[in-house]
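In my numbering, the protein residues as written are 138 to 257.
Where a beta carbon is used, it is the ideal one built from N, C-alpha and C, also for glycine.
Bear in mind that the values here come from a model prediction, so they are computed numbers and not experimental data.
Encoded as structure tokens, the structure appears first; notes follow it.
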Amino acid sequence: MELYNFNGVPAIKNVVLKPKAMPTMATVLYRKMHRRLIHAGKATVEEACRRIGIQLTRKNDDLCEGYIVGKKTDEIGKEAPIQGDEPLDFIRVDTVSHRVPSHLGYKYSIHIIDVASNYH
Ligand SMILES: [Zn+2]
138 MELYNFNGVP
148 AIKNVVLKPK
158 AMPTMATVLY
168 RKMHRRLIHA
178 GKATVEEACR
188 RIGIQLTRKN
198 DDLCEGYIVG
208 KKTDEIGKEA
218 PIQGDEPLDF
228 IRVDTVSHRV
238 PSHLGYKYSI
248 HIIDVASNYH
């Protein structure tokens, strides 16, 4: 290494610059990223990881127990047989979540419907 004057600025001669280490692409299990991204869909997970340079592994492992359990709960409610055909014979009750809380700050409401009269 030798110092010299380059247009009034000290400079170094005979310096061999080593190439910087190339960043390595992280690999993460698809299932882990799916959970980290709050159970986002497969296309969303893949796009997010592509943008930030994460390589997904085991993409076919996209079975999500929480999703399946949630869907089964929905199916049970939809397929329940109607018992009776008079008002107040059969009443359905469901909770509704609201993305935007009400002016009082409530995020959930209860929906009650009489099946025979369709009264809410
Ligand atoms: Zn999920």
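Asked: How should residue 237 be labelled, buried or exposed, when 16 other C-beta atoms within 10 angstroms of its C-beta is the threshold for buried?; Found: exposed
Asked: Under a Cβ-count criterion, where at least 16 other Cβ atoms within 10 Å of its own Cβ denotes burial, should residue 166 be classed as buried or exposed?; Found: exposed
Asked: Among the candidates 190, 246, 187, whose CA atom is the shortest distance from the CA of residue 232?; Found: 246
Asked: Going by DSSP, name the residue or residues bridged to residue 248.; Found: 231
Asked: If distances are taken between C-alpha atoms only, which option among 240, 189, 188, 201 comes closest to residue 178?; Found: 201
Asked: Taking only heavy atoms of ligand 1 into account, decide whether any of them is closer than 7 Å to the Cβ of residue 203.; Found: yes
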